[in-house]
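First up is the structure itself, then whatever we jot down about it.
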Amino acid sequence: MKVADRDFLETSEGYFFCVIGNKHPKDRVIAYLKYMKSRRGKWGGRGFRAERVLKYYTMEFLKDTLELLKREAPHYLTAIPCVGVFSAVPVSRVIKHYVPEEKLRSLLSKDEKDPLEAKAASLASMIAEKAGVSVSKMGVTGSILLNMHNTAFSDIDLTVYGKSEASLVREALIELYSQRLLRRKMDAGVWRTDSIPPFGLEKLLKRRWNRGEYMGTEFSVLACREREEIGNLSVHSCVKLGKVVLRAVIEDDEEGVFYPAIYRIGRVEVLEGDASMKPTELICLSSLYSGTLLSGDAVEIRGELEVADGEARVVVGSLSLAGKDYIMLR
819 MKVADRDFLE TSEGYFFCVI GNKHPKDRVI AYLKYMKSRR GKWGGRGFRA
869 ERVLKYYTME FLKDTLELLK REAPHYLTAI PCVGVFSAVP VSRVIKHYVP
919 EEKLRSLLSK DEKDPLEAKA ASLASMIAEK AGVSVSKMGV TGSILLNMHN
969 TAFSDIDLTV YGKSEASLVR EALIELYSQR LLRRKMDAGV WRTDSIPPFG
1019 LEKLLKRRWN RGEYMGTEFS VLACREREEI GNLSVHSCVK LGKVVLRAVI
1069 EDDEEGVFYP AIYRIGRVEV LEGDASMKPT ELICLSSLYS GTLLSGDAVE
1119 IRGELEVADG EARVVVGSLS LAGKDYIMLR
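Take 819 as the starting number for the sequence shown in this note's numbering and just add one per residue.
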């Protein structure tokens, strides 16, 4: 099955999973459970109701979805190298595959749109024009993609495909915020944590570019790798070395705009934990750090040290340290 980051999969049990990344195990797709059919649900379409399972995009709330699957549908859980037990949809359980680019293309050509669909089409067109990218390199995901949005409260989740396109969209959004054509949102309450001092969190939130408000509706723009980059998981061995606290400098931020965000780091100084192997890569599984770190930044990191296929890296946002790890700008 050719699936890509932020596609959605509907399963035979009435679950709706959002795909994570472009590399997956054989016969499975790594994805998180976002919605499930339920008579109590506030979302719905095509004669059914659905409720949102993942309330917020943090590791703590993600763990709740894993617990639900463990109780009700453990066959959706599997061991993934360097991650642990996580949700991965068996291809045999998929009854429908939803594609963001196809949905946006359909909305743009649709004559009669509801108010939220009209906003989504208008916002995507505005951003694409400002960025100078083809609207065909964008899509719409989330509840609109699934035709289960509620015009009273649903938000707009857009996607942009490709590294250069994401960079152009980022600059366009920053300019649209400065022109007050869009309003930037930082979601400080969602990310408030004891791990990061308030001043440290504020520095990061000021760099968030992909969440805002358009005509009274909240929106996000999610950078995704090209569909041509679809492949199989490449990690074959992984050794966990425990928690570390270290200082480093971001040396390359090119892959930091995607999820998971990947940064090359250097000048590493280990303050706590195993100092025998100094990581050269920072993996961020928390979307707070996607696109918020820049080359040249001096940072302090508390995360999990691991060696994947012989290369040391530090992971922030792991299941084992959920809510207890951080990255701070120094």
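Quick reminder that beta carbons are idealized off the backbone N, C-alpha and C, glycines included.
Look at the Cβ atom of T1150, then the Cβ atom of D973, and state whether they are nearer than 9 Å.
Any answer about residue 1150 is impossible in this case: the structure gives the chain only from 819 up to 1148.
Own chain residues within Cβ distance below 7 Å of R824, not counting five before or after
C836, V837, P918, T959, T977, L1040, C1042
Can you tell me which of E869, G865, G863 puts its alpha carbon nearest to the alpha carbon of H856?
Before going further, note that residue 856 is Ser rather than His in the sequence given. The candidate whose alpha carbon is nearest that of S856 is E869.
Shortest alpha-carbon distance to M819 belongs to which of H967, G859, V907, Y850?
Checked all of H967, G859, V907, Y850; the closest Cα to M819 is V907.
Which partner residues does Y908 have in the DSSP bridge list?
According to the sequence provided, residue 908 is Pro. The question's Tyr does not apply to it. Beta-bridge pairing links P908 to R846.
Quick one: using the 10 Å Cβ neighbour count with 16 as the cut-off for buried, is T883 buried or exposed?
buried
Is H967 buried or exposed, if buried means 16 or more other CB atoms sit within 10 Å of its CB?
Of the other Cβ atoms in all chains shown, 16 or more fall within 10 Å of the Cβ of H967; this residue is therefore buried.
Mind checking whether M1004 and R1026 have CB atoms under 9 Å apart?
In this structure, R1026 lies closer than 9 Å to M1004 by Cβ.
Can you find a CB in chain B that lies within less than 9 Å of the CB of E831?
The chain inventory of the structure shown lacks chain B, comprising one protein chain alone.
Just list the residues that DSSP pairs W861 with in beta bridges.
A868
Please check the pair D1115 and I1080, which I expect to be a contact at CB under 8 Å, by giving their CB distance rounded to whole angstroms.
Contact flag wrong, Cβ pair sits at about 15 Å.
Check this for me: beta carbons of L1064 and V1088, under 9 Å apart or not?
yes
Reducing DSSP to helix, strand and coil, say where L1123 ends up.
strand
G1060 - containing alpha helix (DSSP H), residue span:
Taken as a continuous stretch (DSSP letters only), G1060 belongs to no alpha helix (DSSP H), being part of the beta strand (DSSP E) at 1056-1070.
Close beta carbons around E878, own chain, < 8 Å, minus the five adjacent residues each side:
Non-local C-beta neighbours of E878 in its own chain, meaning closer than 8 Å and more than five positions away in sequence, comprise A1140, G1141, ordered along the chain.
Between the C-alpha atoms of A990 and I945, what's the straight-line distance to the nearest angstrom?
7 Å
On the premise that G957 lies in contact with K921, defined as a C-beta separation below 8 Å, what is that separation, rounded to the nearest angstrom?
6 Å
Report the CB separation of S1105 from Y1144 in whole angstroms; it is logged as a contact under 8 Å.
That pair is no contact at about 14 Å.
Beta-bridge partners of F835, as assigned by DSSP
L827, L851
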